[in-house]
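S.K.: Residue numbers (my numbering): 34 to 317. The beta carbon of each residue, even a glycine, is placed where N, CA and C say it ideally should be.
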């Protein structure tokens with residue numbers, strides 16, 4: 034509902050504050066009038082030419098249907114943020130603030146980003162002083178991730194504070210911290226486990242390939258001569274696919290007495306090869 038009409042005394046009071054006292058909007062005071070009402074009346078007085086040029090203001094350009102459609106496409110189809118759209122000037126002439134407010138009015142943008150912004154931790158002046166003191170003293174050797182967990186902040190926020198304070202964590206300090214050492218050991222164990230799993234999968238595939246090749250040679254009309262592995266006692270074919278071959282100094286070739294599977298297991302510190310039960314069904 035519209036508010037009460039402005040009286041002559043209220044208009045004269047506003048004109049005196051604008052033309053004589055030259056007050057800015059936060060300092061303007063008119064009894065029983067909100068700041069928004071004062072600002073709207075100031076805009077009307079400016080358009081009527083009664084402010085003698087003391088208030089220039091901004092010429093607000095309304096959003097066109099084309100701009101709204103482009104904003105909807107950039108946010109919904111591509112997931113662009115207001116800052117990114119304004120930085121690349123994908124909607125010419127619109128600032129980050131204008132784009133952000135229009136996105137909020139039309140319910141555009143990533144809801145997860147909105148939720149994080151609403152639930153973000155806002156530090157008070159006292160909290161900021163305590164955080165600076167912590168980063169300059171006992172928190173100097175603590176990684177930003179750990180500091181962020183202690184204070185309930187984002188890691189980027191802690192990093193920004195460190196940069197502004199001019200005390201970034203050096204490589205030497207970071208590597209000498211206990212948190213870094215624990216993280217490195219955790220990463221090393223995870224990498225070793227992943228590498229062990231990959232090699233185990235590769236050995237299973239190699240065994241499958243060798244036994245498939247053995248079955249194919251057994252079905253051939255003229256199979257190669259067989260050779261018994263001295264480690265596992267299994268019969269293989271005497272070819273370089275199943276046994277390791279070396280060339281001696283005299284130029285002669287020598288074939289190993291153990292198959293490739295047993296040789297690989299021996300090099301890994303095992304005596305015999307564990308053969309899966311399903312492979313025994315592949316008869317020679």
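Is it true that the CB of residue 276 sits closer than 8 Å to the CB of residue 289?
M.R.: Walking along the chain shown from the start, residue 289 turns up at place 256. Walking along the chain shown from the start, residue 276 turns up at place 243. Yes, these two residues count as a Cβ contact at 8 Å.
S.K.: Applying the criterion that 16 or more other CB atoms from any shown protein chain within 10 Å of the CB defines a buried residue, is residue 263 buried or exposed?
M.R.: Position 230 of the chain shown, counted from the start, is the residue given in the question as residue 263. Counting Cβ neighbours within 10 Å, residue 263 comes out exposed, since fewer than 16 surround it.
S.K.: I'd like the span of the alpha helix (DSSP H) that includes residue 295, first residue to last.
M.R.: Here the question's residue 295 lines up with position 262 in the chain shown. From DSSP, the alpha helix (DSSP H) with residue 295 extends over 293 to 300.
S.K.: May I ask which residues mark the beginning and end of the alpha helix (DSSP H) holding residue 20?
M.R.: Here the chain comprises residues numbered 34 to 317, so residue 20 is not present and cannot be evaluated.
S.K.: From residue 188 to residue 194, what does the alpha carbon distance come to, in whole angstroms?
M.R.: In the chain shown, counting from the first residue as 1, residue 188 sits at position 155. In the chain shown, counting from the first residue as 1, residue 194 sits at position 161. Those two C-alpha atoms are separated by around 10 Å.
S.K.: For residue 285, does the three-state DSSP call read helix, strand or coil?
M.R.: Along the chain shown, read from residue 1 onward, the residue named residue 285 stands at position 252. Residue state, collapsed to three classes: coil.
S.K.: Classify residue 267: buried if its beta carbon has 16 or more other beta carbons within 10 angstroms, exposed otherwise.
M.R.: In the chain shown, the residue the question calls residue 267 occupies position 234. It is buried - the Cβ of residue 267 has at least 16 other Cβ atoms within 10 Å.
S.K.: Do residue 132 and residue 119 have their CB atoms nearer than 8 Å?
M.R.: The sequence position of residue 132 within the chain shown is 99, counting from 1. The sequence position of residue 119 within the chain shown is 86, counting from 1. Taking 8 Å as the Cβ cut-off, residue 132 and residue 119 qualify as a contacting pair.
S.K.: If you drop the 5 nearest sequence neighbours on each side, which residues of the same chain put their C-beta closer than 8 Å to that of residue 169?
M.R.: Within the chain shown, the letter at position 136 stands for residue 169. Closer than 8 Å at Cβ, skipping near neighbours: 198, 200.
S.K.: Counting only the same chain and skipping the five closest in sequence on each side, list residues whose C-beta sits under 6 Å from that of residue 134.
M.R.: The residue given as residue 134 occupies position 101 in the chain shown. Answer for residue 134: no residue qualifies.
S.K.: With contact counted as at least three CB pairs below 8 Å, one residue from each stretch, are the stretch 90 to 110 and the stretch 137 to 152 in contact?
M.R.: yes
S.K.: Secondary structure at residue 38, three-state DSSP: helix, strand or coil?
M.R.: In the chain shown, the residue the question calls residue 38 occupies position 5. Of the three classes helix, strand and coil, the one that applies to residue 38 here is coil, per DSSP.
S.K.: Put residue 192 into one of helix, strand or coil per three-state DSSP.
M.R.: Stepping through the chain shown from its first residue, residue 192 is reached at position 159. Residue state, collapsed to three classes: helix.
S.K.: Taking the C-alpha atoms as reference points, what is the distance between residue 123 and residue 112?
M.R.: Taking the chain shown and counting its residues from 1, the one referred to as residue 123 is at position 90. Taking the chain shown and counting its residues from 1, the one referred to as residue 112 is at position 79. Going by C-alpha positions, residue 123 is about 13 Å away from residue 112.
S.K.: Quick test of your reading: residue 60 and residue 87, contact by CB under 8 Å. State the CB separation rounded to the nearest angstrom.
M.R.: Position 27 of the chain shown, counted from the first residue, corresponds to residue 60. Position 54 of the chain shown, counted from the first residue, corresponds to residue 87. Not quite, the Cβ-Cβ distance comes to about 14 Å (not below 8 Å), so this is no contact.
S.K.: Out of curiosity, what's the CA-to-CA distance linking residue 182 and residue 69?
M.R.: Counting from 1 along the chain shown, the entry for residue 182 is found at position 149. Counting from 1 along the chain shown, the entry for residue 69 is found at position 36. Residue 182 and residue 69 have their C-alpha atoms spaced approximately 41 Å apart.
S.K.: Find out if the Cβ-Cβ distance for the pair residue 158, residue 136 is shorter than 8 Å.
M.R.: Indexing the chain shown from 1 puts residue 158 at position 125. Indexing the chain shown from 1 puts residue 136 at position 103. No, Cβ-Cβ distance for residue 158 and residue 136 is not below 8 Å.
S.K.: Taking 7 Å as the limit between beta carbons, can you name the residues of its chain near residue 272, skipping five residues before and five after?
M.R.: Within the chain shown, the letter at position 239 stands for residue 272. Closer than 7 Å at Cβ, skipping near neighbours: 257.
S.K.: From which residue to which residue does the beta strand (DSSP E) around residue 269 run?
M.R.: By 1-based counting over the chain shown, the position of residue 269 is 236. It spans 268 to 270 - the beta strand (DSSP E) in which residue 269 sits, taken as one unbroken run.
S.K.: According to DSSP, is residue 230 helix, strand or coil?
M.R.: Here residue 230 is taken as the residue at index 197 of the chain shown, counted from 1. Looking at residue 230 - three-state DSSP - the assignment turns out to be helix.
S.K.: Which same chain residues, not among the five before or five after residue 316, have their C-beta less than 6 Å away from its C-beta?
M.R.: Here the question's residue 316 lines up with position 283 in the chain shown. For residue 316, the pLDDT reaches just 36, beneath the cut-off of 50, and the residue's location in the model is therefore unreliable, although a value from the coordinates is still provided. Result list for residue 316: empty, nothing under 6 Å.
S.K.: Using the C-alpha atoms, what's the distance from residue 153 back to residue 146?
M.R.: Residue mapping note: residue 146 aligns to position 113 of the chain shown, counting from 1. Residue mapping note: residue 153 aligns to position 120 of the chain shown, counting from 1. Here the alpha carbon of residue 146 sits roughly 10 Å from the alpha carbon of residue 153.
S.K.: When DSSP labels each residue in this structure, what does residue 277 get in the three-state scheme?
M.R.: Taking the chain shown and counting its residues from 1, the one referred to as residue 277 is at position 244. Looking at residue 277 - three-state DSSP - the assignment turns out to be strand.
S.K.: Does residue 98 pass the burial test, meaning 16 or more other C-beta atoms within 10 Å, or should it be called exposed?
M.R.: The residue you call residue 98 lines up with position 65 of the chain shown. By the neighbour-count rule (16 or more Cβ atoms within 10 Å), residue 98 is not buried but exposed.
S.K.: Who are residue 253's beta bridge partners in DSSP?
M.R.: Mapped onto the chain shown, residue 253 falls at position 220. For residue 253, which the question treats as bridged, DSSP gives no partner whatsoever.
S.K.: What do you reckon, are the CB atoms on residue 212 and residue 175 nearer than 8 Å?
M.R.: Taking the chain shown and counting its residues from 1, the one referred to as residue 212 is at position 179. Taking the chain shown and counting its residues from 1, the one referred to as residue 175 is at position 142. Cβ distance < 8 Å, so residue 212 and residue 175 count as in contact.
S.K.: Restricting to Cα atoms, I'd like to know which of 239, 295, 101, 40 is closest to residue 71.
M.R.: Within the chain shown, numbered from 1, the residue matching residue 71 stands at position 38. Selection 239, 295, 101, 40 evaluated against residue 71 yields 40 as nearest (Cα-Cα).
S.K.: If you drop the 5 nearest sequence neighbours on each side, which residues of the same chain put their C-beta closer than 8 Å to that of residue 253?
M.R.: By one-based count along the chain shown, residue 253 stands at place 220. Hits under 8 Å: none found.
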